[in-house]
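Take a look at the structure set out below.
Right under this line is the structure:
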């Protein structure tokens, strides 16, 4: 069966998207270090060019099929049957677009805040973009892993070089955490390669069935990589540190794209490759998700650091995502994917916003703020939009995702749905409290006289505002992409070989 | 019975001398005892029909290498050696390790089964004479290692010069 | 006829005496001599094998070993001299410039 | 005939214009945009009402909102009789209060913002009542909650105001938690969340039970109660009533519009809208009735002793909302809606009057510092008096008819708790009359008790404020006349109008009984007024004496039964404490981070040990080599 | 045969590169007498190596009664050795001037040492193997002690020499045992004798395999026979350290692979039992001990120990796939390790040792290019894509998994993750700290060229590993 639709745009769009930023980064090397303006403008142009090139993905995407589209395939390491195989389907297309968009914003937000090693900074950002897009487009496991790990380098530098006071600890923690997780996946990938008779092709691998016990092992190996990235409870502790210490652009990329890759991995790999194991592990996954939702949310109540609070809220929100994914039904899964986009937009925007005020005050302590709404009304309004989206107010994007997830979660397991819904209550609590402490009440001396955000900053946030409402008011524009792919995926998972009884027996065996 | 007695004597003396060599306080004495040890080993070689080896054992080992040792010892003039302790503090640990290995190795070689016999029987060697047989082999079949050995010696010369020469010639 | 095993045992014993000397003596030159002892132990077994297997290879190897031993002696003693010049000692337990 | 779309979207447009351009360009002229928009909505609403009266019901989808597999929902509008009533209430009150605000908010630095929020609120409220499916209802529901949050916290630099706004939102979230699950249950039961198919299929599930979180429960009861959770939150019923009194931190027009006339009644509207579901579950109805009854009694008792003029009205609102739920709970949805409708007028009026008083008193709220204002502000006095008469259920006034219908239907209906709630309702009627007139007497009669400066400043409010007062006053008096019961010779038009949507319960009582119920309620009302007059006009030392005598009871009432403290003690503080001390302090720091940092630390420690092994001494190296040989040899040969 | 007249000159074709190498090395040794500019000698060395490399291509076959085997396997190793020499010479030119040991012998010793390695890679007989090993070892001892006036260099040479001789003695003991057991020293003959007689499990065979394992482990610096490495790496001249970290290690693996896979192929179960604990210990100790180092050369020493552990996985796999992965890895390792040492060498300038990790603080600010290069090498050593180090490790783990050692691969990846900690530390020092002292870089065209070669190779192989892998597979006997 033909599994892909060839790219018919006349040029290799996905390769272009991956390598345009990388080439841009290479060209940046040639620009003189002292010419900072040129560096910035060049990076901006490259990122905008990448975004423009990515638009056909949105416009030309064939929504009526689950097949991979815009594919490219070339032999890469023929002796090991490794191919350069790219393609996107309804699950990944939105992430590619999100990546290209976020990069522009990251360049813009860093315009004045990055003062040292500017060149390296923009090189890192652009390389990051290429790698991120690569992760979402790869249809060969080896290629996927290459991009997956390659991201670590620029991210490590972003946090460690341009971050806050405790940046080194955070950077190392981020790096080691993710590395330990992903190397286990690497072994899993290799085992899978031999199990499937020598192929890394994801499409081929997902058509095969694997012994149940092996599925379980591999599921956990992959889990190690993806759960750390998501991050799921209890491997979430790198996130607050990384988010907090990273420069704004780093936090934004981290929040908007990087941690999506974990959940994406679950959808793209864990579920279709190990359907039986996934089904058997659903209770555990749902439990962890619910714990993450509530745990992350409750912890936010006691945070005193702006970025840390948003970071923990990410834990909670990503709990929703994994809950939706492992609900293993259409609503949950679509909600989960949409929520990934939403979280990328909203949390990304929150970090952008926090970055803007941090540039002015150089403090992240909530206690140092208060009454900002009086001095920066425009900023306050925009921040409010994202706060509301974060707490899932209807007509913002957050609502659509969370509602679908809770619906799906409830369908899968009533307790999961009910407990997840409590996360929304707490979510409102900590976000509004945060908003109150920062923007309301009497104006703190430390923020008195701050200038409201300027045009560049408004332009940076504008796409996010548009997305918040676009997704909130007309989510079908985005849900429409994923229907077929998700349906196909769920068919694969739910028809995956084994009977319930067989699974139960197997579990008993393993327990013994 | 006689060969066994003969072997017994040599073995006993070799072991004894080995122990003496490594336990002498004065290195010069050690070298002297070693000389005696080498002679005994050479004797054992003779007993094993390896006259040429016995000869070079005496000439090269005893005559050249040991003399070199002695020479260096005298050059360094280690007088205080006689006053300080000979062994490192943890020598019982060393003794334990070596004894343990020895016991296991002895256990392993106990059941030794030798490989297939070659054509160089004692009669054959006697007829060909040992040195000639060895020499023929060395210059035909083992020409290649022989050449390598020459390089080893060359490197040793270069090395000794580089390391031990006193004046530096660097600009 | 003396059994081959006897030679092997003799060789093993001498070898291990050499190891013991290497492990425990403080004087570099004696440690070096211990190595020579070990080489001689190997030589004993090689010559014995050669004899019992009726094969000359062992003896040829012995010749090479003696050659290498000579070369080693040259280099080793050169190193010791160079070291003695700088450090004025031949005791290994006084040489730990580098550790950790 | 898609004019109706203008009803919600005109205010939305006004909101957008104000929020985008208000700060820089419109400034003091912001109100024009909003007022024109809401007035336009009102006009279209009236036109639509006539359509509905003519029997045309609109049920249309605008566009498909969310599609995910079998879950499909649109943005769509249903305009039937029930909606029409709500539309009239909302647009009328909204228009009047917009106008009132021009005077009340004059000169405020966030003038544009205020009108923007009001417009947004109107939009959301209209979306709420016009929805044709549950999710859009939920949208409006949360939207009005948001506006309420904005407007309560309008004076955001005041901590108490921003606290109150936050509290309102979060408390409402507790209710919405159930509401949301209710919607999910509806979808899982019916496969759709459109009203029409859900309500038409509901009967088919009447006897079904479902396993919910491990318990077998009656399906319709479950759904109804989950939905009712939302109502409890939005309509400030026990136990989620705590936010409403605090919501008085907002500007008074807001209290009038949102926290009296419209938003808080959304809960009642929800129950009425879902009457086909509620009607299928006796248990659910009983719980609704009891919640309403108990809340009304509970709030009324608190209202007796409060001194803050707006808070008294707020508790009164809670109490009256309880009344409406009481009505719905006994199956008298129409009566509930009727009370909702009349209440909107007189309660909005009360608030606006209170606002007028505050305006005159420079923001003073304490009753004890007022008195004798009658002569300074006659319009306010008379309108407020009429509103109070209406709420006290004095015959002829709007409140009388709606209250009487509720009490009669409670008494005569088939509900098992009907008689009980009737008794409570009657007691509450008495209490209501008492505290309403306590307020009137303390404010307008007697001698002025405030400072001299305040007294000097007293004046009647400007026209922009008094005109709405007068118009609302007409409503407070006359709005009830559309529902005069048959007993009094009226046509009960209101009930008849809503009957197609809500039905009407059978009354099992004689005319004599109906007369008796009416008489008792009238007596209760008048005795309340009389007692208030006695306490606060004639023998003013009695209240003081009573508070001293029943000090404990007084304390409890004064502190609102300590519910806020209780919540703080069992929810808020434990949550934060848990976050700080257990999650951050123990789970994250001592367990997860201990492992996360401990493993590298352990490795580092091991690394240092390894460094120590590397002594730099040759013998040690050789010994380790030999030891390695020994271990391998032993391992391989000693098997 | 015994008659000299019957002697037929063996085919010298296969051994031609070695012969030419010997001649050129001797020539260079002598040229020192006439050529005053040592850079010229360096240049000649590179030319000689280029000539030899050229000759390598045409010389295959077995000669000297099977004592010398020039097959794909040895060819690949020789390529690595040639690469090693070229890169080492390039980074040495300026360095040995700074260290004031600018002698012509330096280059000829490097060539002789390389010759020893070539012989080891081609050894078909235990006797040639031993002699090649000694040739390499003796030259390296001398090179390690090349800084005669530096106490650390003396000490390094002494430690290396004594422990090296100690290990050789074990090797000889092993050779003598296997000789006694099989009556031969020819690798193929040993192999066929063992499988023919079913000697697998024989205690003496096991004993001799242990002895081989010990001696080779010493050469590749595997735990617990690694103790010399940190001290010697630290004390030896940095260029020699770079040379040693690649050449002798690769040669060690060449003989390890050749002996264990060819001669002891039939006794695989036994020797995997020996090598697996060694491999695990090596990875553990190498990676963990490196964490707390303060001297970069020492850290790289532990790193090279750890890498030996990973490479052992390919040997343990025991398949040609495994061997191919070993070859591939060593090839990549040569680039990234020498690249790293090249940066280390650049920091050494007149009067400044520059081998402390703290000397790297803020390097990205003072010398961004050098820091960027070091960053690439560090990430490559960690095994992060898209660098070559990742591809190397990936292929190694693949071969281990394919041979059924999944658990071993898991262990390896975990240690590899741990290794990230100390490699990242260098990056962290360079990029995330402020410079304390103004570090002077002593760049030279040679180093620049070496760095260019290594960094391009590391990145290129990282992205396009196909060619190297397929060549390695051919070399390993596919």
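Protein chains in written order, with this note's numbering: chain A, 1282 to 1793; chain B, 7 to 177; chain C, 647 to 746; chain D, 12 to 650; chain E, 1050 to 1527. Glycine included, every Cβ here is placed at the ideal spot set by N, Cα and C. On a predicted model such as this, the values are computed, not experimentally measured, just so you know.
Worksheet item: Under 8 Å, do residue 1807 (chain A) and residue 1552 (chain A) count as touching if we go by C-beta distance?
Response: This structure cannot speak to residue 1807 (chain A), because chain A is shown only from 1282 to 1793.
Discussion item. Between residue 1353 (chain A) and chain D, is the shortest Cβ-Cβ distance under 8 Å, so that the two count as touching?
Written reply: no
Worksheet item: Span of the alpha helix (DSSP H) holding residue 1768 (chain A)?
Response: 1757-1775
Worksheet item: Can you give the Cα-Cα distance for residue 178 (chain B) and residue 1147 (chain E), rounded to whole angstroms?
Response: Because chain B in this structure spans residues 7 to 177, residue 178 (chain B) falls outside the shown range and cannot be described.
Discussion item. Give me the chain D residues within the contact set of residue 166 (chain B), using Cβ-Cβ distance strictly less than 9 Å, ordered along the chain.
Written reply: Ordered by position in chain D, no residue passes the 9 Å Cβ test against residue 166 (chain B), which lies about 21 Å from the chain.
Discussion item. When you compare the CB of residue 1529 (chain E) with every CB in chain B, is at least one pair closer than 8 Å?
Written reply: The question about residue 1529 (chain E) has no answer, for chain E in this structure spans 1050 to 1527.
Practice prompt. From the DSSP output, in three-state form, read off residue 1711 (chain A) for me.
Written response: helix
Worksheet entry | Through-space distance from residue 1478 (chain A) to residue 1447 (chain E), alpha-carbon basis | 13 Å
Fill in: Proximal residues to residue 1320 (chain A) (C-beta, below 7 Å), its chain only, five neighbours per side dropped
1309, 1312, 1399, 1400 and 1403
Worksheet item: Excluding the five sequence neighbours on either side, which residues of its own chain have a C-beta within less than 7 Å of the C-beta of residue 1323 (chain E), listed in chain order?
Response: 1258, 1259 and 1262
Worksheet item: Within the chosen definition, does the segment 1489-1497 of chain E reach the segment 1449-1459 of chain E through at least 3 CB pairs nearer than 8 Å?
Response: no
Item to complete: Give me the Cα-Cα distance between residue 126 (chain B) and residue 55 (chain B), rounded to the nearest whole angstrom.
Response: 11 Å
Discussion item. Let me check understanding here. Comparing Cα to Cα, which of D:243, D:77, D:184 and D:542 lies closest to residue 1619 (chain A)?
Written reply: D:77
Item to complete: Can you tell me the Cβ-Cβ gap for residue 1299 (chain E) and residue 1129 (chain E), rounded? I've got them flagged as a contact below 8 Å.
Response: 5 Å
Worksheet item: Expressed to the nearest angstrom, what Euclidean distance is found between the alpha-carbon atoms of residue 471 (chain D) and residue 39 (chain D)?
Response: 23 Å
Worksheet item: Which chain D residues sit within Cβ distance under 8 Å of residue 1518 (chain A)?
Response: 599, 603, 604 and 607
Fill in: Contact set between residue 1126 (chain E) and chain A, taken where Cβ atoms lie within less than 9 Å
None at all; the shortest Cβ gap to chain A is about 20 Å.
Discussion item. Under 8 Å, Cβ to Cβ, is there at least one residue of chain C near residue 1051 (chain E)?
Written reply: Here the model assigns residue 1051 (chain E) a pLDDT of 48, short of 50, so the residue's position is not dependable and the matter cannot be decided.
Worksheet item: residue 497 (chain D) by DSSP, collapsed to three states: which one?
Response: helix
Worksheet item: Excluding the five sequence neighbours on either side, which residues of its own chain have a C-beta within less than 7 Å of the C-beta of residue 1065 (chain E), listed in chain order?
Response: 1104 and 1108
Practice prompt. Indicate whether at least one CB of chain C lies closer than 8 Å to the CB of residue 1201 (chain E).
Written response: yes
Worksheet item: Could you give the residue range of the beta strand (DSSP E) that holds residue 1287 (chain A)?
Response: 1285-1287
Item to complete: List the residues of chain D that residue 1459 (chain A) touches, going by C-beta distances under 8 Å, in chain order.
Response: Ordered by position in chain D, no residue passes the 8 Å Cβ test against residue 1459 (chain A), which lies about 13 Å from the chain.
Worksheet entry | Delimiting residues of the beta strand (DSSP E) encompassing residue 75 (chain D) | 69-79
Worksheet item: Under the rule that 16 or more other beta-carbon atoms within 10 Å means buried, what is residue 12 (chain D), buried or exposed?
Response: Here the model assigns residue 12 (chain D) a pLDDT of 49, short of 50, so the residue's position is not dependable, and the following value carries that caveat. The residue is exposed, with fewer than 16 neighbouring Cβ atoms inside 10 Å.
Worksheet item: Taking residue 1475 (chain E) as the reference, which of E:1241, E:1431, E:1370 and E:1312 has the closest Cα?
Response: E:1431
Practice prompt. Would you tell me roughly how many angstroms separate the C-alpha atoms of residue 1100 (chain E) and residue 1522 (chain E), rounded to the nearest one?
Written response: 25 Å
Discussion item. Out of A:1463, A:1476, A:1701 and A:1332, which one is the CA nearest neighbour of residue 1450 (chain E)?
Written reply: A:1476
Practice prompt. Could you work out which residues of chain B lie near residue 1231 (chain E), taking near to mean beta carbons separated by less than 7 Å?
Written response: 121
Worksheet item: What in chain D is Cβ-close to residue 669 (chain C), meaning under 7 Å?
Response: 630, 633, 634 and 637
Practice prompt. Rank A:1471, A:1595 and A:1501 by C-alpha distance to the C-alpha of residue 1537 (chain A) and give the top, closest one.
Written response: A:1595
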